[in-house]
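Everything in the sequence shown is counted per our numbering, starting at 118 for the first residue and increasing by one.
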Amino acid sequence: YQMGGVVSRDDFLWTYTEQPHSSRREIIIKKYPQIKELFGIDPSLKWVISAMVAVQVFFCWLLQDEDWLLVAIMAYCCGGVINHALTLAIHDVSHNTAFGQTRSLDNRLFGIFTNLPIAIPISVAFKKYHVEHHRYLGEDGLDTDVPTELEAKFFTTSPRKFLWLILQPVFYGLRPLIVYNKLPNDLEILNFAVQIGFDVIILYSFGAKALFYLLFGTLIAMGVHPSAGHFISEHYVFTEGQETYSYYGPWNACTFNVGYHMEHHDFPYVPSRYLPKLREIASEFYEPLEKHESWSWVLYSFVMDPKMGPYARHKRVASVKQVLEGKHLFRPYWEGVINYFAVPEIMKWISKQISSDKVE
Numbered sequence: 118y119q120m121g122g123v124v125s126r127d128d129f130l131w132t133y134t135e136q137p138h139s140s141r142r143e144i145i146i147k148k149y150p151q152i153k154e155l156f157g158i159d160p161s162l163k164w165v166i167s168a169m170v171a172v173q174v175f176f177c178w179l180l181q182d183e184d185w186l187l188v189a190i191m192a193y194c195c196g197g198v199i200n201h202a203l204t205l206a207i208h209d210v211s212h213n214t215a216f217g218q219t220r221s222l223d224n225r226l227f228g229i230f231t232n233l234p235i236a237i238p239i240s241v242a243f244k245k246y247h248v249e250h251h252r253y254l255g256e257d258g259l260d261t262d263v264p265t266e267l268e269a270k271f272f273t274t275s276p277r278k279f280l281w282l283i284l285q286p287v288f289y290g291l292r293p294l295i296v297y298n299k300l301p302n303d304l305e306i307l308n309f310a311v312q313i314g315f316d317v318i319i320l321y322s323f324g325a326k327a328l329f330y331l332l333f334g335t336l337i338a339m340g341v342h343p344s345a346g347h348f349i350s351e352h353y354v355f356t357e358g359q360e361t362y363s364y365y366g367p368w369n370a371c372t373f374n375v376g377y378h379m380e381h382h383d384f385p386y387v388p389s390r391y392l393p394k395l396r397e398i399a400s401e402f403y404e405p406l407e408k409h410e411s412w413s414w415v416l417y418s419f420v421m422d423p424k425m426g427p428y429a430r431h432k433r434v435a436s437v438k439q440v441l442e443g444k445h446l447f448r449p450y451w452e453g454v455i456n457y458f459a460v461p462e463i464m465k466w467i468s469k470q471i472s473s474d475k476v477e
């Protein structure tokens, strides 16, 4: 590889076949129906996440009077690893693996709790767009995991690609607003309010260094950091013809097995804890496929290899129109309260009185 080399691709890899995961899922389930026993809840998930949140609050207390340099080092080496793991815990919870498919609201509220040390409200919005990523993998205007045309055209040299990696949290935050700007729902507003409240409490209780530890750890670990290698390893095309890749190395131990990405897309309702078991059962389907050995090497290759860049993604024509209106999970509750207190009848009566006054 040569530093500064220009990316050789000038377009995405447009694909006119369906994503491979649906058909492979059917074949695997037909051969190994016992995989369905892995679907459902991970009973340990809520306790592991709660412990991680508690540890981060403890570190906020521990670092409140330390030197800024030590706080920054701890954020990169420790806090960033934990916070990145919490973003992947949010990913797991978004698939309803904490409380099950029948308790969607409980999963969303627990996702908001999981979000707390991350310092930026992402949980509910992530769920909203991640559903589309699975259902419409690579589809134009629907899968916001695919870079925009502007990103792909600008970040074409090694230094620019390195900058793009540093700015990953910015692009992941802004891209949905540009590509698929869904209206916010009630839980997003709650997520925002709770997160700002938590950040203020941390700032008031432990000071600016504690809040910096959380926020800097979140941002740095989503950029040029070994934990962030999965952003590139999952779907960027390192081998022609293969759209999704897995990684089976040690970083899975602190990233909720997100490296088992082919397995996850094949079976999104299998909790991350059980993905190694899934691969063990259906190993002949995954063993022949290309996999990554190192996330750090993935980041290095992405920056240095002229074949790699934001264009190195499979893309499909959208199969459905965008749906901009969000689902309000609290609606049944507040509608029930409104009806209980007869608010619609009161409003009708007021409207009737106003109309009669106008007639007079």
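Just so you know, even glycine gets a beta-carbon here, dropped at the ideal spot from N, CA and C.
Just to confirm, are residue i and residue j a CB contact at a threshold of 8 Å?
| i | j | result |
| --- | --- | --- |
| M169 | I199 | yes |
| K408 | S363 | yes |
| L320 | L328 | yes |
| V354 | I283 | no |
| Y377 | L392 | yes |
| W131 | K394 | no |
| E410 | G366 | yes |
| G258 | A435 | yes |
| I158 | G217 | yes |
| L203 | K326 | no |
| L152 | I398 | The amino acid occupying residue 152 in the given sequence is Ile; Leu does not appear at that position. Cβ distance < 8 Å, so I152 and I398 count as in contact. |
| T361 | I235 | no |
| R225 | L304 | yes |
| F373 | A206 | yes |
| G196 | F176 | yes |
| V375 | H247 | no |
| A269 | G426 | yes |
| L186 | V387 | no |
| R390 | G255 | no |
| Y297 | Q136 | no |
Output needed for residue i: all residues of its chain with C-beta closer than 7 Å, excluding positions within five of it in sequence on either side, in chain order.
| i | result |
| --- | --- |
| D383 | H138, R141, R142 and I145 |
| F348 | Q285 |
| W178 | F323 |
| D128 | Y428 |
| P423 | G122, V123, V124 and S125 |
| V188 | L180, K326, F329 and Y330 |
Grab me the residues of residue i's own chain with a C-beta within less than 8 Å of its C-beta, minus the 5 sequence neighbours each way, in chain order.
| i | result |
| --- | --- |
| P385 | H212 and H251 |
| R220 | N213 |
| V476 | Low confidence applies here, because V476 scores a pLDDT of 48, under 50, leaving its location unreliable and the question unanswered by this model. |
| F481 | Only positions 118 to 477 of the chain appear in the structure, and residue 481 is not among them; the question remains open. |
Return the bridge partner residues of residue i from the DSSP annotation.
| i | result |
| --- | --- |
| S482 | Coverage of the chain is limited to positions 118 through 477, which leaves residue 482 absent and any answer about it impossible. |
| K408 | S363 |
| K432 | W131 |
| E357 | Beta-bridge pairing links E357 to no other residue. |
| K442 | The residue you asked about is not Lys; residue 442 is Glu in the sequence shown. According to DSSP, E442 bridges with nothing at all. |
| T274 | V123 |
So, at 6 Å on beta carbons, what are the nonlocal neighbours of residue i in its own chain, with the 5 sequence-adjacent residues on each side left out?
| i | result |
| --- | --- |
| E380 | L392, L395 and R396 |
| L291 | none |
| H201 | A338 and S344 |
| Y193 | I337 |
| W281 | F272 |
| Y253 | L259 and D260 |
Quick one: any contact between the region 228-239 and the region 409-429, if contact means 3 or more CB pairs under 8 Å? no
Below 8 Å, how does it come out for the region 303-318 and the region 257-264: are there three or more Cβ pairs, yes or no? no
Let me know the alpha helix (DSSP H) ranges lying completely inside the region 158-238, each 4 residues or longer, listed in chain order. 162-180, 185-191, 197-211 and 221-232
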